[in-house]
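Enquirer: Could you have a look at this structure, given as structure tokens, before my questions?
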Amino acid sequence: MHIEKLIKMANDISEFFNSESDKELAAEGVKNHIKRSWDPRMRQQIIAYCQQDGKELTPLALKAVQKLV
């Protein structure tokens, strides 16, 4: 899958959880959603992107992906 699509998906998920005032809890929610719903190859791609750059991810999405490692 193209990394641009994964970035958009991760950012969209983070938008949903962003209303949570506890950002640690919100990041856990994003992480858990990605862990449950994404194919392992998709997770590996977004993790690799995060480790290389990650600048297009929202701060919440970035925090969540870092927790996947």
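So the number in this note's numbering is just where the residue sits in the sequence shown, counting from 1, plus 24. Here a beta-carbon is modelled for each residue, glycine too, at the ideal position from N, C-alpha and C.
So, with DSSP's three-state summary, where would you put residue 36?
Expert: Within the sequence shown, the letter at position 12 stands for residue 36. Residue 36 falls in the helix class under three-state DSSP.
Enquirer: Taking all protein chains shown into account, do 16 or more other C-beta atoms lie within 10 angstroms of the C-beta of residue 55, making it buried, or fewer, making it exposed?
Expert: Within the sequence shown, residue 55 is the residue found at index 31, counting from 1. With 16 or more Cβ atoms within 10 Å of its Cβ, residue 55 is classed as buried.
Enquirer: Distance, Cα to Cα, residue 82 vs residue 67?
Expert: In the sequence shown, the residue the question calls residue 82 occupies position 58. In the sequence shown, the residue the question calls residue 67 occupies position 43. Going by the C-alpha atoms only, they are around 16 Å apart.
Enquirer: Which stretch, first to last residue, makes up the alpha helix (DSSP H) that contains residue 81?
Expert: Indexing the sequence shown from 1 puts residue 81 at position 57. Segment: none, residue 81 is in no alpha helix (DSSP H) and carries neither H nor E.
Enquirer: Would you call residue 41 buried or exposed, if buried means 16 or more other Cβ atoms sit within 10 Å of its Cβ?
Expert: Position 17 of the sequence shown, counted from the start, is the residue given in the question as residue 41. Classification of residue 41: buried, given that the 10 Å Cβ count is 16 or more.
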